[in-house]
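For the sequence shown, the working numbering gives the first residue as -5, with consecutive numbering after it.
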Amino acid sequence: RNQVFHDLTLRYSSNAMLRAFKLRYPCPSIYMPNPMSQPVPTIKDFVDLLRKSGLAEPAAIDQVASSFKTLDTALTNDATAAFIDAKLITDWHLKQLLKGKHRGFFLERYKLLNELGKGGMSSVYLAEHTGMHLPVAIKVLPVKRVNEKSYLERFKREAKASFKLRHDNIAGATNFDHSGDLWYIVL
């Protein structure tokens, strides 16, 4: 009982400290530096990373980049907002790019746009079919769960059940596939 109380006290104390920090420093968390990631210090670094990601056509990136006086200045919220306003990236893309990540935005023929949710068994992303430009949801089984046979079997059963569902208020599966060890259901 004392251990449970101690754990709850720590959990709520940490949350209280985080809330106090956010009140004192009201900047969005996506712009706070992550000590484990490579920082993106200049607009030029950000543009280079965006090009590597393949999220936008080089000509569209160059068009937005040309609106800045120089690319050697520090990356600011206004600079990143220009790429979002031009609809080249989403807020989720920005969060990942600011962490120094340029891979993981595509799954086969789908472009991931946002993480909708994450649970113990899988993550769900809003995505767009790259050829037809139709929005879809993609449920992804983490690679670390693939080796656990029970998780993969449950994921396969869920996919089969989703294919059979037909109702206006339920997203039925349209595709079930894998790319290497990455299994996913398209809804």
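Ideal Cβ positions, reconstructed from N, Cα and C, are used throughout, including at glycine.
query: May I have the straight-line CA-CA distance separating residue 19 from residue 107, to the nearest angstrom?; result: Only weak support is given to the placement of residue 19: the predicted model assigns it a pLDDT of 37, under 50, and the question is left unresolved by the model.
query: Cβ of residue 51 within 7 Å of Cβ of residue 86?; result: no
query: Hey, how far is the Cα of residue 145 from the Cα of residue 173?; result: 17 Å
query: Counting Cβ pairs closer than 8 Å, one from the stretch 33 to 46 and one from the stretch 55 to 75, do we hit at least three?; result: yes
query: Give the straight-line distance between the Cα atoms of residue 165 and residue 119, rounded to the nearest whole angstrom.; result: 13 Å
query: Helix, strand or coil for residue 129 per DSSP?; result: strand
query: Which residues in the same chain have their Cβ closer than 7 Å to the Cβ of residue 105, if we skip the five residues on either side of it in sequence?; result: 99, 121, 122 and 124
query: Can residue 65 be considered in contact with the ligand MN, in the sense that its beta carbon sits closer than 6 Å to one or more heavy atoms?; result: Ligands displayed in this structure: none; no statement on the ligand MN is therefore possible.
query: Residue 130 and residue 116 - do their beta-carbons sit closer together than 7 Å?; result: no
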